[in-house]
Amino acid sequence: MLHYQCKFRRGSERTVAWIEARGAIVGAQVELESLDDEGPWIVEEVMSAPLAAAALATLQRLNRKSLSSLMKNMV
Numbered sequence: 009m010l011h012y013q014c015k016f017r018r019g020s021e022r023t024v025a026w027i028e029a030r031g032a033i034v035g036a037q038v039e040l041e042s043l044d045d046e047g048p049w050i051v052e053e054v055m056s057a058p059l060a061a062a063a064l065a066t067l068q069r070l071n072r073k074s075l076s077s078l079m080k081n082m083v
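According to the numbering used here, the sequence shown holds residues 9 to 83 in order.
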């Protein structure tokens, strides 16, 4: 399954997230469960380079680990 990074808006809020290809359509309304439950977000832009689910999981795991190592070094 492919995932696309998309830009979203909801009122004056803006965010970027990875979603499944089936929802990555400009103008589509999608629920981003990891952010909140205040209603759907509208897809404003779909980035052109998709990632397979396994590659996205690896990328997210690496990013989480890098952020935690930065936090450990902060005093």
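Don't be surprised by glycine CBs; every beta carbon is placed ideally from N, CA and C.
By a C-beta neighbour count over all protein chains shown, 10 Å radius and 16 as the cutoff for buried, is A63 buried or exposed?
Within the sequence shown, residue 63 is the residue found at index 55, counting from 1. Around the C-beta of A63, fewer than 16 other C-beta atoms lie within 10 Å, and the residue is accordingly described as exposed.
Just how far apart, CA to CA, sit H11 and D45?
For this step, residue 11 is matched to residue 3 along the sequence shown. For this step, residue 45 is matched to residue 37 along the sequence shown. Separation of H11 and D45 (C-alpha to C-alpha, rounded to the nearest whole angstrom) is 21 Å.
Which of the three DSSP states is assigned to A36 in this structure?
As a working mapping, residue 36 is identified with position 28 in the sequence shown. If DSSP states are grouped into helix, strand and coil, A36 belongs with coil.
Can you look up A60 in the DSSP assignment and give me helix, strand or coil?
For the purposes of this step, residue 60 is identified with residue 52 of the sequence shown, where counting begins at 1. Strand at A60.
Does the Cβ of V34 have 16 or more other Cβ atoms within 10 Å, making it buried, or fewer, making it exposed?
Against the sequence shown, residue 34 aligns to sequence position 26. Exposed: under 16 other Cβ atoms inside 10 Å.
Shortest alpha-carbon distance to E21 belongs to which of V51, A65, L67?
Looking up residue 21 in the sequence shown gives position 13. Per the Cα distances, V51.
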